[in-house]
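Chains as they are written, first to last, in this note's numbering: chain E, 163 to 264; chain F, 163 to 264. These notes are about the structure you will find just below.
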């Protein structure tokens, strides 16, 4: 299969039973997810950059959480307006956004 | 932060709006997730092996899908009874389970 060069995971507090409770969901996790989806599409990166929503990572007090693999970089206290910078610097530029890194 | 050595992602078709529809959810995605959680706990690997449920990866016809990072290994048509083998061979043994790899 065509594997992603980068895979962005955004916590949306999506519980496996279909419920949705928790911190990241109430703190713009879904908006962050949607902003990443739009940026990936607008930049034509859909074939190489994947985006997924997830359940809780257990770091609620540091959320909203965004994780990028294969780098294993964890970002905390992300807001929707940070998405463009993460895309520019990290996803396209391969530089970790240090100010958001956990 | 303490980062995972391996991070297992299991599709449970968890949509960011809280709905839960799709293939993997109806095909034992939640049972697979729960089996991984039990195996990680029983083996005392909770500090180094993380497990998360996700939304759809867009590979429904090949599901249920399990992804392991940072290796970027994708498994398809996983059944709950495959979890022990993935834990033994891949998570603890660092050998990809070729028969399930996409």
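For each residue, glycine too, the CB sits at the ideal point set by N, CA and C. Small disclaimer: the values here were computed from a predicted structure and weren't measured.
Judged by DSSP secondary structure, residue 240 of chain E falls outside any beta strand (DSSP E); it is assigned neither H nor E.
Note on geometry: alpha-carbon atoms of residue 252 of chain F and residue 259 of chain E lie some 31 Å from one another. Per DSSP, residue 197 of chain E is one residue of the alpha helix (DSSP H) stretching across 191 to 204.
Following the DSSP letters along the chain, one finds residue 186 of chain F inside the alpha helix (DSSP H) bounded by residues 185 to 188. A Cβ-Cβ distance of about 18 Å is found for the pair residue 202 of chain F and residue 226 of chain F, leaving them out of contact under the 8 Å criterion. Around the C-beta of residue 206 of chain F, fewer than 16 other C-beta atoms lie within 10 Å, and the residue is accordingly described as exposed. Relative to the Cα of residue 210 of chain F, the nearest Cα in the group F/224, F/231, F/264 belongs to F/231. In the three-state reduction of the DSSP assignment, residue 227 of chain F falls in the coil class, being assigned neither a helical nor a strand state. The straight-line gap separating the alpha-carbon atoms of residue 217 of chain E and residue 217 of chain F is approximately 9 Å. If you draw a straight line from the Cα of residue 178 of chain E to the Cα of residue 176 of chain F, it comes to about 6 Å. Identification of chain F residues near residue 188 of chain E by a Cβ-Cβ cut-off of 8 Å yields none; the smallest Cβ-Cβ distance measures about 12 Å. According to DSSP, residue 216 of chain F shares a beta bridge with E/216, F/173.
Contact of residue 237 of chain E with chain F is not assigned, every C-beta pair being separated by 8 Å or more. For residue 242 of chain E, there are no C-beta contacts with chain F under 7 Å, since the nearest C-beta of that chain is about 14 Å from it.
Ranked by how close their Cα comes to the Cα of residue 189 of chain F, the residues F/264, F/243, F/250, F/256 have F/243 in first place.
Burial of residue 249 of chain F is indicated by the presence of at least 16 other C-beta atoms within 10 angstroms of its C-beta.
In the three-state reduction of the DSSP assignment, residue 260 of chain E falls in the helix class, which pools H, G and I.
Close to residue 165 of chain E, with beta-carbon spacing below 8 Å, are these residues of chain F in chain order: 234, 236. Non-local C-beta neighbours of residue 221 of chain F in its own chain, meaning closer than 6 Å and more than five positions away in sequence, comprise 227, ordered along the chain. Here residue 255 of chain E is exposed. Its C-beta has fewer than 16 other C-beta atoms within 10 Å. Here the alpha carbon of residue 187 of chain F sits roughly 15 Å from the alpha carbon of residue 215 of chain E.
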